[in-house]
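Asks: In the UniProt record's numbering, the protein residues as written are 1 to 316. If you scroll down you'll find the structure; I have some questions about it.
Spelled out as structure tokens, the structure:
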């Protein structure tokens, strides 16, 4: 599955001092209290579209001081930024590196055939530089083809490398990016070659140490079922990404990937013919092991109301 996400506003990922017309170093954004990971939503009351739009708004500003609306960890505030004109480029600058989109490969965990609500990844999409969750303005999931695999080794996580075409392969819209995965709505029916009917869910009270399976794609677009062992189960009263520890035991998967690799996040975990969770992270020092998240925590994030031993859910 390919993932493309456009952020709400632009994300501050780093600062860079500006040499002003006075020959001195300045950093307007940092001096105005803006921090790495903040999202710049508006400049002088105009909603920011992307990085290029920020440059346009700054250079069209009638005053050296602009009002900037910022989002930080879910809280919104405004601050005044005194712009500095660069000595070299003769343009007004904030003194911040910004980002407005990201894209990558991941795995779809589930979808409800009645409502088309889906959940994927099992963890949030974070900015590579700041580590903060990216706020969603718009996003899509797309069919993807795995083109190559970098095997995981001790101390060096592997990864799936894939190809997707945004213009023709869209299958759904992303509405939420949370630390327990991404969620949204499909706009076309999808299927897999392993299960042709919805699976019942298994709550954490049913999860047992021992044999289980994951569904994942490590070659082209082919979904395969691989054996794993659940080696530890955590009882959890509140959502946590580290619900269980799994170990890859399937010889074919170990030969292809070395274990769990980046891009397999979201791979559904099946035990006793029930979907019980999703792969979330790999152990850096042992790529054959990783963490899994209980499916109930993902369903809660998605807004799907679940009942045990029911094929799927009624939407709240």
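The beta-carbon is built from N, C-alpha and C at its ideal position, and this holds for glycine as well. Only a predicted model underlies this, so the values are computations on that prediction, with no experimental measurement involved.
1) Just list the residues that DSSP pairs residue 268 with in beta bridges.
2) Please classify residue 304 as buried or exposed, where buried requires at least 16 other C-beta atoms within 10 Å of its C-beta.
3) To which residues of the same chain is residue 20 closer than 8 Å at the C-beta, ignoring the five residues directly before and after it?
4) Can you find at least 3 beta carbon pairs, one from the segment 161-176 and one from the segment 135-152, that sit closer than 8 Å?
5) For residue 259, is the classification buried or exposed, using 16 other Cβ atoms within 10 angstroms of its Cβ as the cut-off for buried?
6) Report the three-state DSSP secondary structure of residue 205 (helix, strand or coil).
7) Would you say residue 53 faces chain C, with C-beta separation under 7 Å as the test?
8) Can the beta-carbon of residue 95 be found less than 7 Å from the beta-carbon of residue 29?
9) Using a Cβ distance threshold of 8 Å, determine whether the segment 259-279 contacts the segment 195-207, with at least three qualifying pairs required.
10) I need the DSSP call for residue 130, collapsed to helix, strand or coil.
11) Please look up how many angstroms separate the CB atoms of residue 175 and residue 136, rounded, as I've assumed it's under 8 Å.
12) Under the three-state reduction of DSSP, which class applies to residue 318: helix, strand or coil?
13) Verify whether the separation of the beta carbon atoms of residue 1 and residue 106 is less than 7 Å.
14) Tell me the DSSP bridge mates of residue 97?
15) Restricting to runs no shorter than 3 residues, where is the beta strand (DSSP E) found entirely within the segment 104-192?
16) From the DSSP output, which residues share a beta bridge with residue 90?
17) Which two residues bound the contiguous alpha helix (DSSP H) that contains residue 215?
18) Distance, Cα to Cα, residue 102 vs residue 295?
19) Assuming the contact rule is C-beta atoms closer than 8 Å, residue 229 and residue 246 should be a hit. Round their C-beta distance to whole Å, please.
20) Evaluate residue 284 with the Cβ neighbour count: other Cβ atoms within 10 Å of its Cβ, from every protein chain shown; 16 or more gives buried, anything less gives exposed.
21) What does the alpha-carbon distance come out to for the pair residue 128 and residue 232?
22) Could you tell me the distance, in whole angstroms, from the CA atom of residue 272 to the CA atom of residue 292?
23) What does a CB cutoff of less than 8 Å around residue 254 pick up in its chain, not counting 5 residues either side in sequence?
24) Looking only at its chain, what residues have a beta carbon closer than 8 Å to the beta carbon of residue 76, apart from the 5 residues adjacent to it on each side?
25) Within 10 angstroms of its Cβ, does residue 140 collect 16 or more other Cβ (buried), or is it exposed?
26) Quick check on the burial criterion: 16 or more other C-beta atoms within 10 angstroms. Buried or exposed for residue 210?
27) Relative to the C-alpha of residue 104, which residue among 252, 179 and 4 is closest?
28) Looking only at C-alpha atoms, which of 48, 257, 17 and 180 sits nearest to residue 153?
29) If we ignore side chains and look at the alpha-carbon of each, how far apart do residue 315 and residue 99 end up?
30) Answer yes or no: do residue 118 and residue 186 have a C-beta to C-beta separation smaller than 7 Å?
Replies: A quick look at the data gives this:
1) 278
2) buried
3) Listed in chain order, the non-local C-beta contacts of residue 20 below 8 Å within the same chain comprise 26, 84, 85, 86 and 87, local neighbours out to five positions each way being set aside.
4) yes
5) Around the beta-carbon of residue 259, 16 or more other beta-carbon atoms lie within 10 Å, marking it buried.
6) If DSSP states are grouped into helix, strand and coil, residue 205 belongs with the helices.
7) Included in the structure is just one protein chain, with no chain C present.
8) yes
9) yes
10) coil
11) Contact holds; Cβ gap of about 7 Å.
12) This structure gives no information on residue 318, because the portion of the chain shown stretches from 1 to 316.
13) In this structure, residue 106 lies closer than 7 Å to residue 1 by Cβ.
14) 14
15) 108-111, 117-120, 136-142, 145-150, 159-163, 170-178 and 181-186
16) Answer is none; residue 90 lacks a bridge partner.
17) Taken as a continuous stretch (DSSP letters only), residue 215 belongs to no alpha helix (DSSP H), being part of the beta strand (DSSP E) at 210-219.
18) 26 Å
19) 7 Å
20) Under this definition residue 284 is an exposed residue.
21) 30 Å
22) 16 Å
23) Counting only Cβ-Cβ distances below 8 Å, and skipping sequence neighbours, we find 248 and 288.
24) The beta carbon of residue 76 sits closer than 8 Å to those of 41, 69 and 70, all from its chain and outside the five residues before and after it, given in chain order.
25) buried
26) exposed
27) It is 4 whose Cα lies nearest to the Cα of residue 104.
28) Minimum Cα distance to residue 153 is reached at 257.
29) With a pLDDT of 32 at residue 315, under the threshold of 50, the modelled position of that residue is not reliable, and no figure is offered here.
30) yes
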